[in-house]
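Protein chains in written order, with this note's numbering: chain A, 31 to 495; chain B, 127 to 336.
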Ligand code: SF4
């Protein structure tokens, strides 16, 4: 019999019950992260049926998706958007009613849900983690099985601490060799998606493996796992190692003393067996990855920074060709033109993909003693209050503001533009976020996804490159 | 959840330059400005908002659901990887609010696919050529399709019968409109037993120091 993958192991350890007829499993959930946008209807559903939250202590709430990124100390009264305030108020009320731990807007521990979980040590190897947000895949960086769910499922998890789930297939992403100097996890992720396509991982859990992955920092691994969903995968996962344990140790919710020792002994077993059976294997040579940017309106429409905009006329796949034509029209780009040198009006450094302290340090080294190009509005939105405080303790905020960046308060911000931070029609933005869909950052806005380093350079140069 | 048994309705093909649109993402299905609600109803106003309205806010007469023949379509036909992107359940809620309870496409993104079943929407996966053929028959208001979930058959306006696959468990819950949570809660003892096993095998998960 073939060995088990890491995913198989976590799955097996969490199956409460499997329906013999349908194969549907009831999977126990170790950590349920919630936020204001995908929960109000779930709590309303509980109320209508007079149901309770089964394990409030396994649930953690933050306010992140539609919070403003300035003047947060003014509290909910300071939120000018009525609908957003209403959702934020509903969350405060719901968590209080059910005794759920909550970091409200303005609390130093608050921030983007996928930054906060790891930061607090709530995210741990071997766990099952769900959240009503597709980028929950981020937590896979710790060797946890983590994925997004819909609101009906949020309600189900609140009421039962379980999820009805079907097992996905196993996909191995083998990354051999070493990333070149100046090439980051973000470049690797965009490169991978351009190879496999946005539906390439559909129905699979992807495990990232190989020497290049082991070399990545935990923050880099989070960036990579974060983007698994853009490759269509249910989740992305990386086997935990010493780096993982070091990252978790000492965080507020990390196990302590004897519990820590016991946890680590368990965590050390969390890796795929050498003879594990994979349904699909993708090989990537790390040396092939260049600094990468997107040119279209899907994360798979990515290309090396040194390249030229692809020509739909040369595409054989009719679906890809039609998508490329539409995307180039929307993005106002010409086939054959170099992508480097394309002028940008906006720069957004933030989102759960790239808003952690390591990202901000990298940006700071690039923009120090430089100025944001005239006519460019550049914004840095830290992933959490703690990231913001750390950056300020290191003086990074000074570097940013002196260079002409706006230094904002934490939240999802322009990643999805639910708060006032949005692009105007036709504006082109160098963005460290994860989706370049039409209208994602504002109707008619044109998003180019890239690493924090490339976005920082775009801010200074006024052009991509 | 409302049960899905059979549906007889017109179908609206979602096309761009004559081809069924691929990668229709959830931001397209319902843009973010409509996510600030605490309700499940009323979301049809946001459905395909940026496709159905022009920049000045007026309806775009070219958009399929704005055309009289398709206004009451209960079936949507689209291209590959339908529903990719965010986990927002507002996407199926908006479809439902519009009266669309069946989506036919060559492939679906995982979370959206799941969300459909939780809301009594039947996602049907068929090869691209068949989707395209169905789209071509979806001409006007008298072009009615019948989707019979029990038999797993689509009958086209031309009288042709097309079989489709569906997961048995999902089919059963759709046919009966079952309440997932209520069903899971009947397994309360099994869940509690699991919790006791978990407590002895992975006690650090319980001694959360927060
Ligand atoms: S930053 Fe963007 S992708 Fe991440 S949780 Fe917020 S909205 Fe979702």
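All residues carry an ideal CB built from backbone N, CA and C; glycine is no exception. Since we're looking at a predicted model, the values are computed, not measured.
Residue from the options whose Cα sits closest to the Cα of residue i
| i | options | result |
| --- | --- | --- |
| residue 360 (chain A) | A:445, A:202 and A:326 | A:326 |
| residue 249 (chain B) | B:257, B:256, B:239 and B:255 | B:239 |
| residue 328 (chain A) | B:324, B:210 and B:312 | B:210 |
| residue 151 (chain A) | A:181, A:35, A:52 and A:276 | A:276 |
| residue 130 (chain B) | B:296, B:264 and B:312 | B:296 |
| residue 379 (chain A) | A:300, A:37 and A:487 | A:487 |
| residue 303 (chain A) | A:224, A:51 and A:202 | A:202 |
| residue 260 (chain A) | A:204, A:32, A:174 and A:218 | A:218 |
| residue 392 (chain A) | A:266, A:482 and A:459 | A:482 |
| residue 255 (chain B) | B:183, B:219, B:301 and B:232 | B:232 |
| residue 255 (chain A) | A:244, A:479, A:437 and A:237 | A:237 |
| residue 475 (chain A) | A:489, A:451 and A:493 | A:451 |
| residue 299 (chain A) | A:73, A:121, A:268 and A:363 | A:268 |
| residue 228 (chain A) | A:466, A:420 and A:50 | A:466 |
Amino acids of chain B, ordered along the chain, whose beta-carbon sits closer than 8 Å to that of residue i
| i | result |
| --- | --- |
| residue 102 (chain A) | Here the premise fails: no neighbours, minimum Cβ distance about 18 Å. |
| residue 60 (chain A) | 331 |
| residue 49 (chain A) | 295 |
Partners in chain B for residue i, counting only beta-carbon separations shorter than 7 Å
| i | result |
| --- | --- |
| residue 96 (chain A) | 162 |
| residue 46 (chain A) | 316, 317 and 320 |
| residue 453 (chain A) | Here the premise fails: no neighbours, minimum Cβ distance about 12 Å. |
Beta-carbon neighbours of residue i, restricted to chain A and to distances below 8 Å
| i | result |
| --- | --- |
| residue 325 (chain B) | Chain A residues near residue 325 (chain B): none, gap ~12 Å exceeds 8 Å. |
| residue 310 (chain B) | 56, 186, 189, 190, 192 and 194 |
| residue 207 (chain B) | 228, 229, 232 and 262 |
Per-residue DSSP class, three states only, for residue i
| i | result |
| --- | --- |
| residue 56 (chain A) | strand |
| residue 188 (chain A) | helix |
| residue 257 (chain B) | helix |
| residue 266 (chain A) | strand |
| residue 242 (chain B) | helix |
| residue 482 (chain A) | helix |
| residue 252 (chain A) | helix |
| residue 322 (chain B) | helix |
| residue 44 (chain A) | helix |
| residue 276 (chain A) | helix |
| residue 194 (chain A) | strand |
| residue 384 (chain A) | coil |
| residue 163 (chain A) | coil |
Chain-ordered neighbours of residue i on chain B, where CB pairs are closer than 9 Å
| i | result |
| --- | --- |
| residue 296 (chain A) | 327, 328 and 330 |
| residue 448 (chain A) | 158, 159, 161 and 162 |
| residue 264 (chain A) | 236 and 237 |
| residue 117 (chain A) | 161, 162, 163 and 164 |
CB contact check: residue i to chain B, cutoff 9 Å
| i | result |
| --- | --- |
| residue 340 (chain A) | no |
| residue 290 (chain A) | yes |
| residue 179 (chain A) | yes |
| residue 70 (chain A) | yes |
| residue 67 (chain A) | yes |
| residue 157 (chain A) | yes |
| residue 52 (chain A) | yes |
| residue 148 (chain A) | no |
| residue 481 (chain A) | no |
| residue 270 (chain A) | no |
| residue 467 (chain A) | yes |
Beta carbon proximity, residue i to chain A, threshold 9 Å
| i | result |
| --- | --- |
| residue 210 (chain B) | yes |
| residue 244 (chain B) | yes |
| residue 218 (chain B) | yes |
| residue 213 (chain B) | yes |
| residue 233 (chain B) | yes |
| residue 142 (chain B) | yes |
| residue 149 (chain B) | yes |
| residue 293 (chain B) | yes |
| residue 181 (chain B) | yes |
| residue 129 (chain B) | no |
| residue 203 (chain B) | no |
| residue 241 (chain B) | yes |
| residue 335 (chain B) | Residue placement at residue 335 (chain B) is flagged as unreliable, the pLDDT there being 42, under the threshold of 50; the coordinate-derived value follows with that caveat. Chain A, which has a Cβ nearer than 9 Å to the Cβ of residue 335 (chain B), makes this yes. |
| residue 306 (chain B) | yes |
| residue 277 (chain B) | no |
| residue 176 (chain B) | yes |
| residue 290 (chain B) | no |
| residue 189 (chain B) | no |
| residue 298 (chain B) | yes |
CB-CB length for residue i against residue j, believed under 8 Å
| i | j | result |
| --- | --- | --- |
| residue 65 (chain A) | residue 104 (chain A) | Rounded, the Cβ-Cβ distance is 20 Å, inconsistent with contact. |
| residue 460 (chain A) | residue 402 (chain A) | That pair is no contact at about 11 Å. |
| residue 550 (chain A) | residue 225 (chain A) | In the structure as shown, chain A begins at 31 and stops at 495. Residue 550 (chain A) is therefore absent and cannot be evaluated. |
Per-residue contacts from residue i into chain A (C-beta, under 9 Å)
| i | result |
| --- | --- |
| residue 313 (chain B) | 46, 47, 56, 190 and 192 |
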